[in-house]
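Protein chains in written order, with our numbering: chain A, 1 to 211; chain B, 1001 to 1211.
Glycine included, every Cβ here is placed at the ideal spot set by N, Cα and C.
All values derive from a computational prediction rather than experimental measurement.
Working notes, structure below.
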DNA sequence: TTCAAATCCGAGTAATTGCTCGACATTAGG
DNA sequence: CCTAATGTCGAGCAATTACTCGGATTTGAA
């Protein structure tokens, strides 16, 4: 199980054309990878399993991907793109919001939506799969953009908007993770906890309002 | 890389006596495992590396541990025991507290202490290392006990103590993780965020107090 | 000193993986 | 049709494990 190989050797170049059939093959490989990750986790994700699940041979896998990690990168990049899209969508809501409570509501529900979509895959991606430095930077950038957007939205309602925005975002993210991804044992339902989270954050954000 | 083997076969029994030398050997093995986990993470943790780092041969490792996971179990069990000890210690503080704010303060600082001690190892144990169902149950039990203790402490000061205790504990735990383990990029220091976390949770817990 | 129990050693084994490569199959365009 | 580009295949190689085993070394009690 050589986790690392690659290095040098001008090996047969990866296919580029991608017409008709090969599109479907590539898609099947990516989908199979995502399904295995979600259903059986990173430890069960090996290239032979991917090929089998995709209904193609291992040879075909390496015809379109230089290595195993590159398949994951497609999935990770899509996931990040989804987060970035949601941010763009939410930004308009944030800036046209009525009051601070609406902003909190938008942030909390945004993170919940992000975590409710395929929680098992989300879990695997966020805690099991190895992430490249570039991807880590992209995650940080996304997080930072969210905080900036929320700060700007919040700043016309409260004092110390940046600090509050940071805590708001981190709390909403962390708790959405717990309720929907970690499925931690709770005395009440996840949706009840989500509602209570909103309540808590609204009172926090509105405490010491400037007007 | 057979992640799974064991199964049957009445192999040579694991040593039991543990006198003089062997104590040191066992200790070195456990310590080496913890250090590798903390410094280089789960992917780098293999039995040969453990033996080398401990300054013993692989043979000696398997003289005292039936398999790799059993070494980890010792570390996991110690970690859980530490958490349980801290709960016992905190329980007295909780029940002799002066008001709700003190309880929040105790919970937040308790989780911070737990996460500040060897954060890298904590990270590896909580997100990389495979945990057995029994250990998972023990974690759940510990979490549940903490919530019960906090609920009981809180119940003489506020209404809806259980719901509030649950959110308080989950938030303190999750955020301590972020500030000290994940070291997420922040515009301010972790200690500032910790203080703000306390502020937020105090106002939440005290909102709608019963007296 | 003597010797059996306790401890240690590390080359070797079997399993599992990531990945290669030469050959075969299918298509589209002429 | 023909044929070259495009696509597919899967046995097998090389690396990397977790773990075994026969024997060497050290220890403590007699």
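If we cut at 7 angstroms on Cβ distances, does residue i have a partner in chain B?
i, result
"residue 154 (chain A)", "no"
"residue 157 (chain A)", "no"
"residue 185 (chain A)", "yes"
"residue 165 (chain A)", "no"
"residue 120 (chain A)", "no"
"residue 196 (chain A)", "yes"
"residue 39 (chain A)", "no"
"residue 178 (chain A)", "yes"
"residue 5 (chain A)", "In this prediction, residue 5 (chain A) has a pLDDT of 39, which is less than 50 and means its spatial position is unreliable; what the coordinates show is noted afterwards. With 7 angstroms as the cut-off, residue 5 (chain A) does not count as an interface residue toward chain B."
"residue 2 (chain A)", "For residue 2 (chain A), the predicted model reports a pLDDT of 45, less than 50, meaning its position is unreliable and no value from the coordinates is stated."
"residue 105 (chain A)", "no"
"residue 32 (chain A)", "no"
"residue 140 (chain A)", "yes"
"residue 170 (chain A)", "yes"
"residue 207 (chain A)", "yes"
Could you pull the start and end residues of the alpha helix (DSSP H) that residue i belongs to?
i, result
"residue 1107 (chain B)", "1100-1116"
"residue 951 (chain B)", "A query on residue 951 (chain B) cannot be resolved here, the shown segment of chain B reaching from 1001 to 1211 and no further."
"residue 1053 (chain B)", "1047-1054"
"residue 119 (chain A)", "119-127"
"residue 59 (chain A)", "58-64"
Consider the Cβ of residue i: report whether some Cβ of chain A lies at a distance smaller than 7 angstroms.
i, result
"residue 1084 (chain B)", "no"
"residue 1204 (chain B)", "yes"
"residue 1127 (chain B)", "yes"
"residue 1174 (chain B)", "yes"
"residue 1190 (chain B)", "no"
"residue 1045 (chain B)", "no"
"residue 1112 (chain B)", "no"
When you measure from the CB of residue i to every non-hydrogen atom of the ligand PLP, does any distance come out below 6 angstroms?
i, result
"residue 64 (chain A)", "The ligand PLP is absent from the structure shown, which contains no ligands of any kind."
Please classify residue i: does DSSP put it in a helix, a strand, or coil?
i, result
"residue 212 (chain A)", "This structure does not reach residue 212 (chain A), given that chain A is present from 1 up to 211, and the question cannot be answered."
"residue 1074 (chain B)", "helix"
"residue 1131 (chain B)", "coil"
"residue 186 (chain A)", "coil"
"residue 90 (chain A)", "helix"
"residue 207 (chain A)", "coil"
"residue 1195 (chain B)", "helix"
"residue 12 (chain A)", "coil"
"residue 200 (chain A)", "helix"
"residue 1096 (chain B)", "coil"
"residue 1174 (chain B)", "helix"
"residue 1146 (chain B)", "helix"
Would you grab the beta carbon distance between residue i and residue j for me? Rounded to a whole angstrom, and I think it's under 8 angstroms.
i, j, result
"residue 111 (chain A)", "residue 153 (chain A)", "Incorrect: roughly 15 angstroms between the Cβ atoms, too far for contact."
"residue 204 (chain A)", "residue 1204 (chain B)", "7 angstroms"
"residue 1124 (chain B)", "residue 1042 (chain B)", "6 angstroms"
"residue 1166 (chain B)", "residue 186 (chain A)", "6 angstroms"
"residue 30 (chain A)", "residue 74 (chain A)", "5 angstroms"
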